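Trainee:
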Amino acid sequence: KNASADPTNAANGLRVDLNTNFRSAKGILDFVNRIFSRIMTASFAKIDYDESAELKPAKDSSKNEWASDTKPIVELHILDDKNSEYKIQNTEFSSRQYQAAMIARRINQMVGAESGQPEFRIYDKLEDRTRPVEYRDIVILMRSPAKKADDYVKVLRLAGVPVSCQAATGYFETTEIRDLLSLLKVLDNPQRDIELAAVLRSPLFNISDTELAKIRMGKGTDGQRHKGTKSNYRLPFYDCVLGYCVDGTDKKLSDRLKEILAQLERWRRLARRGHLADLIWQIYRQTGFLSFVCALANGQSRRANLLKLHDRAIQFEGFASSTGIASLTRFVEFIEKLQQSGHDWASAEPDTAVGNAVRIMSVHKSKGLEFPVVFLAELNGEFNKRDVQGDFLADTNDTLGLQIIDRRTNSRLTSLAHQVISERKLSAALAEEMRILYVAMTRARERLILTGCEKKEKCREQISNGFLFGEESIPDWQLRSCQEPLGWVLYGLCDQKNLHSAFETGLAEECVDDNLFSMKLYSERELEQLSNHILELKTSKRQKVKGKKQKVKNNNQSSIITNQLKRSLAWRYRFGDAPLLPAKRSVTQLTHRNDEYSAPPFVTRRLSFESPIISRDAQVTGHDIGTATHLVIAKLDLGKLVSKKAIEKVKQGLLVNGAIDETVAAHINTASIAGFFESELGQTVLDSNNTVWREWPFTFAVPASEFSNSSHELRVTSDEIRDTIIVQGIIDMLVQTPNGLLVIDFKTDNITAEQVAKRVELYREQLELYCRAAGAILKAEILGKWLYFLTPGCAVELV
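In my numbering, the protein residues as written are 132 to 930.
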């Protein structure tokens, strides 16, 4: 930081100037260099923007084949803020709305929204080709968009420009969120009259204004109107609702209110005994509110707002549960305190908003990024000087600056220390603002458009004053007098002919014409046109909808359209059962779909030591015994003699390690396991010439048509369906002999010897799938498939 920038002062070093720019076109860099060479000095911005600091393009992209003409690629749009606000047709619009309307119109011109022909082409780095400019190539940058972007979003959307903005506020002011928060407040306390009326009138229940008036004019719960009044306007609205349910004049409305109150009570009970997020999701599901808002204007954004509220409820529960109970009451209080303190959330953006949409973001978030087209808006926004104000100031040198209070005159005087610290902080803040302006301008790759709103007389004065300094840098005191970045921009361009011509300074003939930028100054008449344009946008959608309804009503082919709609709605997909096919199934789920031995959903055998098979207090089930038995067989050392004693040793080891519990271990038939290895089949397993795999997992693709006739769940009726089901399973024991494979499956069914034959048929399809998978995967012939029932202690070969 404090090192010398002069290469002659470097002892044995080599200075490398990183001034080659690979991002922006030459026209943009020339514009940026011209401005900052005049205003960025070491004394003011702590950086001297000399010839070595000027940006140099890596290549002249402005002359590439996609440049449509020779017009400047930088534009400066200034709105004459003569009267700060104009009142057109009894409607006031702020300078911010004017800028938004101007930018919206300019964006639509760029992309050819009306003409169908985009103004220019841009180079797409991802696709490595040139293409017409689209909404997604455009970004609007602002210094502080938190309180500004909401107006831009509204005007841009009215103009039909898709926009994505995560910096805007106004989340709690959106209609859908206000309706849902009113509902949550009513569930918390039904005596909230305003919220109750809002909920009844909302799309959730659709009570009309006329019906609300009927309820309000009805009798209360005591059957009487308020004493001394002709109406019951002083009664709580909730009492009026209850009273109308009892003796309302409109029976249909009365029954409707009863249903609504019953529904509210059901949700209220759910709020008391369940989770807050579950309550909100049940409201969405039962009312279809998510689907409803999707059909409205900006439906995807509205839906995203509702989903965001659900996500915030989950976050609130996670946070509040660590400090207490995350109740509905606490959540409502949290939202109310948030609103009372003036805080707000940014409106959520749908996933589709990041697609072909204009983005609005802060300059800070744009650091390190680049965009084909950049609108740098709100250049008239005043610098933030809050850090240099106040009764108490402190700097990095541990110096304190206090204001002096004169108790005799009850006045305040600024101390010398306070003035010094304030000047230091102001200098640092302005230097940072200038660097931020530099960052914002250098985000543009192919087009840069600057916009601001300022009085014409003030701009003329700044341009004329800047011209007096000739080619020299603008003095610090002159730069410090600027209250907004637009003043710096004008000072930096004060030698340009088109700027003097637009503001009629009378000095245009003495200036240079470098054709760096195109200038547009909006007069009062043009602002009136923008105002009318905003009004037209606000009414155009309603007129379009009305016109479409009238057009359909007067169309002689309405019956043809109706028939076409009926045919479309009656159409059924030819392979309608295909979506019912699961993409993946276990062998047990496929082979025991309709019998009493089907495994419960999502149950798989897990041979691990993470936790005991079953707790000591739980009832032992056949599934627990089977899992523990398979675990013992899997842990046996087949290289040694497998005896009952060896099996007991393995079982005890699993008990010590916590893999199985004593309650389950008592049911493991170790004698039957030993009997298997003493049998002829068991001796084949122990043969050292054979390879044995235990708990052999596999995944195998099976045509879905093989299960179409036997499964009610997989109703596949067409032979043309060629979908497959991925089958996964675990073979208890797979033995590879020189002559082929042996598939062995152990069963712990509690049956007698007489029941074995019947039980074998239940497992036949399962064994056949095992053999089919093992043969296909290992590319070997199946020598035999065996079932070993541990309780009778007998082996059965399936043929």
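In this text, a Cβ means the ideal position worked out from N, Cα and C, and glycines have one as well.
Just so you know, these numbers come straight off a predicted model, no measurement behind them.
Nearest by alpha-carbon distance to K715: which of S810, L762, V643 and V858 is it?
Mentor: Taking only the C-alpha atoms, the option nearest K715 is V858.
Trainee: Just confirm the distance between the C-beta atoms of V264 and M233, as a whole number of angstroms; I'd bet it's less than 8 Å.
Mentor: With 8 Å as the limit, V264 and M233 do not qualify as a contact, their Cβ atoms being about 18 Å apart.
Trainee: Closest by CA to A435, which one among E307, R252, C590 and A393?
Mentor: Cα-wise, what sits closest to A435 is E307.
Trainee: Could you please give me the residues that DSSP links to N152 through a beta bridge?
Mentor: Paired residues: P188.
Trainee: Can you look up G532 in the DSSP assignment and give me helix, strand or coil?
Mentor: It is a strand residue.
Trainee: Three or more C-beta pairs under 8 Å: does that hold for the segment 613-630 against the segment 536-553?
Mentor: The segment 613-630 is not in contact with the segment 536-553.
Trainee: When we look at the beta-carbon of D854 and count the other beta-carbons within 10 Å, is it buried (16 or more) or exposed?
Mentor: D854 should be labelled exposed.
Trainee: Where do the N-terminal and C-terminal ends of the alpha helix (DSSP H) with W398 fall, by residue?
Mentor: It spans K382 to R404 - the alpha helix (DSSP H) in which W398 sits, taken as one unbroken run.
Trainee: Tell me whether D526 sits in a helix, a strand or coil according to DSSP, three-state version.
Mentor: Coil at D526, not helix or strand.
Trainee: Roughly how many angstroms lie between the CA atoms of V787 and K766, to the nearest whole one?
Mentor: Whole-angstrom Cα-Cα distance: 14 Å.
Trainee: Over the uninterrupted beta strand (DSSP E) stretch that includes Y919, give me the two end residues.
Mentor: Element bounds for Y919: I913 to F920.
Trainee: In the DSSP assignment, what residue or residues form a beta bridge with R461?
Mentor: DSSP, once it has assigned bridges, lists no residue as partnering R461.
Trainee: Specify, as a first and last residue, the run of the alpha helix (DSSP H) that G374 falls within.
Mentor: Taken as a continuous stretch (DSSP letters only), the alpha helix (DSSP H) holding G374 covers F368 to D378.
Trainee: Going by beta carbon distance, what residues of the same chain come within less than 8 Å of K910, once the five residues before and after it are set aside?
Mentor: Excluding positions up to five away in sequence, the list is empty.
Trainee: Looking at the structure shown, is Y569 part of a helix, part of a strand, or coil, going by DSSP?
Mentor: Y569 falls in the helix class under three-state DSSP.
Trainee: Taking the beta carbon of S742 as the centre, do at least 16 other beta carbons fall within 10 Å, making it buried, or is it exposed?
Mentor: Caution is warranted here: a pLDDT of 44 is assigned to S742, below 50, making its placement in the model unreliable, and the coordinate value is therefore given only provisionally. Exposed: under 16 other Cβ atoms inside 10 Å.
Trainee: Using a Cβ-based criterion (distance less than 6 Å to any ligand heavy atom), does V816 qualify as near the ligand NAD?
Mentor: Ligands displayed in this structure: none; no statement on the ligand NAD is therefore possible.
Trainee: Measuring only the C-alpha atoms, how far is A796 from A759?
Mentor: Cα to Cα, A796 sits roughly 7 Å from A759.
Trainee: Quick one, which of V286, R400 and M565 has its alpha-carbon nearest I491's?
Mentor: Of the listed residues, the one whose Cα sits closest to I491 is V286.
Trainee: So what's Y229 in DSSP terms, helix, strand or just coil?
Mentor: Here Y229 sits in helix by DSSP.
Trainee: For F598, which residues does DSSP report across the bridge?
Mentor: Answer by DSSP bridge pairing: none, since F598 is not bridged.
Trainee: With three or more C-beta pairs closer than 8 Å as the rule, is the segment 595-609 touching the segment 506-515?
Mentor: Short answer: they don't touch.
Trainee: From the DSSP output, in three-state form, read off T172 for me.
Mentor: Coil at T172, not helix or strand.
Trainee: Where D181 and L557 are concerned, what is the direct C-alpha to C-alpha distance, given to the nearest angstrom?
Mentor: Using only the alpha carbons, I get a separation of about 24 Å.
Trainee: Which residues does DSSP pair with A926 in a beta bridge?
Mentor: Paired residue(s): Y919.
Trainee: What separation, rounded to the nearest whole angstrom, lies between the Cα atoms of F368 and D324?
Mentor: When rounded, the distance between both Cα atoms is 5 Å.
Trainee: Let's test the definition: count the other Cβ atoms within 10 Å of the Cβ of P713 and tell me whether it reaches 16, buried, or not, exposed.
Mentor: By the neighbour-count rule (16 or more Cβ atoms within 10 Å), P713 is not buried but exposed.
Trainee: Is there contact between the segment 793-812 and the segment 767-781, where contact requires at least three CB pairs shorter than 8 Å?
Mentor: Taking 8 Å as the limit for Cβ pairs, the verdict is that the segment 767-781 does touch the segment 793-812.
Trainee: Who pairs with D931 in a beta bridge, going by DSSP?
Mentor: Given a span of 132 to 930 for the chain in the structure shown, any question on residue 931 remains unanswerable.
Trainee: Please work out which residues of its chain come closer than 6 Å, Cβ to Cβ, to R578, disregarding the five sequence neighbours upstream and downstream, and give them in chain order.
Mentor: Around R578: I204 and V504.
Trainee: Is the segment 171-179 touching the segment 563-570, taking contact as three or more C-beta pairs under 8 Å?
Mentor: The segment 171-179, when compared against the segment 563-570, does touch it at the 8 Å Cβ threshold.
Trainee: Go ahead and label P276 buried or exposed: buried means 16 or more other beta carbons lie within 10 angstroms of its beta carbon, across all protein chains shown.
Mentor: Flag for P276 reads buried.
Trainee: Starting from Q886, follow its DSSP beta bridges and name the residues at the other end.
Mentor: Q886 pairs with nothing; no bridge assigned.
Trainee: For K889, which option in G915, I908, I875 and F920 has the closest C-alpha, if you only look at C-alpha atoms?
Mentor: Checking every option, the nearest Cα to that of K889 belongs to F920.
Trainee: Could you work out which residue in K651, I764, P834 and Y254 is closest to E826 when comparing CA atoms only?
Mentor: Of the candidates K651, I764, P834 and Y254, the one whose C-alpha sits nearest the C-alpha of E826 is I764.
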